[in-house]
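In this note's numbering, the protein residues as written are 32 to 273.
This report concerns only the one structure given below.
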Ligand SMILES: Nc1ncnc2c1ncn2[C@@H]1O[C@H](COP(=O)(O)OP(=O)(O)O)[C@@H](O)[C@H]1O
Ligand SMILES: [Mg+2]
């Protein structure tokens, strides 16, 4: 049994078939890549897994249990965390305040047994992990794009998800910070966190992922180790249209 299973999922927006009989499995403990041309359905796949969009047909299972049609909060609570292609941090709150909002929202159960000092420690530990400690009192709106992405990553970690879905984490981020992010992903993965990562930066995907899925026109057209996928004629065709 795979940790996360997307089975024959279809989703249309009016006349646009964003997902078309798409099946993808994410194995426990692995870093799985998800690549494909713009408009191939990657973000829609994340949206249906995390409950932000309803599917037309198919099934989604997490830990063997159907989660199809559940609400985003419920799915997050079950242990599926995600980031968004465009960051969603509160600009006027400080970095630390953003962490507290996320803690209040997402770990209500835990917080019942926590005092304010434990909450504060957790928030500071996570900011330390992503290297944002020195910016903790700055308004989040003042952060660079890459720093916002690191903050959003820390915000997801407050709920200690079992699997994290990252939508273009390296997009628009400078190379130094891309390397930092890759390091954080590896560290968490060694601690047992599973990842599904959408990314156009091929160096990042090839260097990080254990296996890569390729999407084209709403469905998976190839799957395998990074080197195999890179040399797959069907994949080259999907990208280059040859
Ligand atoms: N909310 C929506 N309403 C209408 N069309 C959408 C919506 N979300 C995605 N689409 C369409 O679905 C297709 C897949 O989009 P998307 O999942 O964002 O692809 P990707 O992330 O691979 O670039 C595109 O044609 C896109 O325009
Ligand atoms: Mg997308």
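Every residue gets a Cβ at the ideal spot worked out from N, C-alpha and C, and that includes glycine.
{"query": "Neighbour-count burial assignment, residue 200, 16 or more Cβ in a 10 Å radius", "result": "buried"}
{"query": "Near ligand 2: residue 74 beta-carbon under 7 Å from a heavy atom", "result": "yes"}
{"query": "Length-filtered (3 minimum) beta strand (DSSP E) runs lying within the stretch 127-177", "result": "none"}
{"query": "Proximity test, residue 151 beta-carbon vs ligand 2 heavy atom, cut-off 7 Å", "result": "no"}
{"query": "Residue 159 Cβ short of 7 Å to ligand 2 heavy atom set", "result": "no"}
{"query": "Per-residue burial, residue 183 [other beta carbons within 10 Å of its own, 16 or more giving buried]", "result": "buried"}
{"query": "Integer-rounded CB distance, given that residue 251 should sit under 8 Å from residue 55", "result": "6 Å"}
{"query": "Residue closest to residue 8, alpha-carbon to alpha-carbon, out of 131, 136, 162, 228", "result": "There is no way to answer for residue 8, as the model of the chain reaches only from 32 to 273."}
{"query": "Contact test: residue 246 Cβ vs ligand 1 heavy atom, cutoff 7 Å", "result": "yes"}
{"query": "Contact check, residue 160 vs residue 113, beta carbons under 8 Å", "result": "no"}
{"query": "Close beta carbons around residue 220, own chain, < 7 Å, minus the five adjacent residues each side", "result": "62, 226"}
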